[in-house]
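Beneath this line is the structure, given in structure tokens, with notes to follow.
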Amino acid sequence: MDQSMSRLRKVWILFSTFFRIGTFTIGGGYAMLPLIEREFVERRKWVTQEEMIDILAIVQSLPGIIAVNSSIFIGYQVARIPGAIIATIGLIISPILIITGFAYLYINVQDADYLQGLFIGVRAGVTALILLAGIRLGSKVLTNKFSWLVAAVSLLAVWIFNIHAGLVILAAAVLGFVVFGLLKGDKR
533 MDQSMSRLRK VWILFSTFFR IGTFTIGGGY AMLPLIEREF VERRKWVTQE
583 EMIDILAIVQ SLPGIIAVNS SIFIGYQVAR IPGAIIATIG LIISPILIIT
633 GFAYLYINVQ DADYLQGLFI GVRAGVTALI LLAGIRLGSK VLTNKFSWLV
683 AAVSLLAVWI FNIHAGLVIL AAAVLGFVVF GLLKGDKR
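Set out below in structure tokens:
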């Protein structure tokens, strides 16, 4: 009985936490990452820092929305399939309602100066949140010359040469596997 109550409580916490993140974080998955990390790595300690980095690497490599993919992975890790389902539902309920409201406003009053000002402010705030996510993730991942080199080459490939990000991620994964898995003989 205690174990099921504990699991039920974890599922409720997953729902309520992802609901709050989905409701109050403007800017999508990258803006949500610092909040997800704070809640599940630092505060609850349900996910280790290394697991979070692995989750982020995986969810960015998969098709779909980063925040939704993250909620699925974290929910599954905490409470298996019910956790994955409930965390995802918690995350998407508010954005669906908010996006519907903004779509209505945008279609019906898109030329209003106050709405244009709102969008300018939101874009600036979102840019800051995405930058923060990049800095936090970079400080934890870019720990050696190899990772810095892969990051720099990946940035140039996407930014300068306009190579699709999916191909860059796939190439970086293969390179990491070759260097650390085959050449260095790491059995982990």
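In terms of the working numbering, the sequence shown is numbered consecutively and its last residue is 720.
Even for Gly, the Cβ is constructed at its ideal location relative to N, Cα and C.
Count the other CB atoms within 10 Å of the CB of Val641; is the residue buried (16 or more) or exposed (fewer)?
Numbered from its first residue, the sequence shown carries residue 641 at position 109. Its Cβ having fewer than 16 others within 10 Å, Val641 is exposed.
Leaving out the 5 sequence neighbours to the left and right, which residues in its chain are closer than 6 Å to Ser626 when beta-carbon positions are compared?
The count along the sequence shown starts at 1 and reaches residue 626 at position 94. Same-chain partners within the cutoff: Gly554 and Thr555.
Given a threshold of 16 other Cβ atoms within 10 Å of its Cβ, counted over all protein chains shown, does Ala697 qualify as buried or as exposed?
Working through the sequence shown from its first residue, we reach residue 697 at position 165. The residue is exposed, with fewer than 16 neighbouring Cβ atoms inside 10 Å.
Note down the Cα distance separating Tyr608 from Thr632, rounded to an integer number of angstroms.
By one-based count along the sequence shown, residue 608 stands at place 76. By one-based count along the sequence shown, residue 632 stands at place 100. In a straight line, the C-alpha of Tyr608 is about 28 Å away from that of Thr632.
Please work out which residues of its chain come closer than 8 Å, Cβ to Cβ, to Thr620, disregarding the five sequence neighbours upstream and downstream, and give them in chain order.
Taking the sequence shown and counting its residues from 1, one reaches residue 620 at position 88. The answer, listed in chain order, is Phe550, Val600, Ser603, Ile604 and Gly607.
Could you pull out every residue in the same chain whose Cβ sits closer than 6 Å to the Cβ of Leu565, ignoring the five residues on either side in sequence?
Sequence index remark: in the sequence shown, residue 565 carries index 33 (1-based). Cβ neighbours of Leu565 beyond the five flanking positions: Ala665.
If the criterion is Cβ atoms closer than 8 Å, does the pair Ile585 and Val673 meet it?
Residue numbering aside, residue 585 sits at position 53 when the sequence shown is read from its first letter. Residue numbering aside, residue 673 sits at position 141 when the sequence shown is read from its first letter. Their beta carbons are under 8 Å apart, which means Ile585 touches Val673 by this criterion.
Taking just the CA atoms, how far does Val579 sit from Phe572?
Stepping through the sequence shown from its first residue, residue 572 is reached at position 40. Stepping through the sequence shown from its first residue, residue 579 is reached at position 47. Rounded to the nearest angstrom, the two C-alpha atoms are 6 Å apart.
Mind listing, in chain order, the continuous alpha helix (DSSP H) runs of no fewer than 4 residues lying wholly within the segment 658–714?
Listed in chain order, they are 677–691 and 697–708.
What three-state label does DSSP hand Lys577 in the structure shown?
Position 45 of the sequence shown, counted from the first residue, corresponds to residue 577. Three-state result, Lys577: coil.
Give the single residue among Lys577, Ala563, Arg552 and Gln581 whose Cα lies nearest to the Cα of Ser671.
For the purposes of this step, residue 671 is taken as the residue at position 139 of the sequence shown. When each option's Cα is compared against that of Ser671, the closest is Gln581.
What did DSSP end up calling Gly607 once you bin it into helix, strand or coil?
Taking the first residue of the sequence shown as position 1, residue 607 is located at position 75. Residue state, collapsed to three classes: helix.
Would you decide whether Val711 is buried or exposed? Buried here means 16 or more other CB atoms lie within 10 Å of its CB.
By 1-based counting over the sequence shown, the position of residue 711 is 179. When all chains shown are included, Val711 counts as exposed.
Please go through the same chain and pick out, in chain order, the residues whose beta-carbon is closer than 6 Å to the beta-carbon of Ser594, but skip the five residues on each side of it.
For the purposes of this step, residue 594 is taken as residue 62 along the sequence shown, with counting starting at 1. The sequence given here places Leu at residue 594; Ser does not occur at that position. Correct list, in chain order: Asn601.
Going by the beta-carbon positions, is the gap between Gly561 and Ile597 smaller than 8 Å?
Translated into positions along the sequence shown, residue 561 becomes position 29. Translated into positions along the sequence shown, residue 597 becomes position 65. A contact, by the Cβ cut-off of 8 Å.
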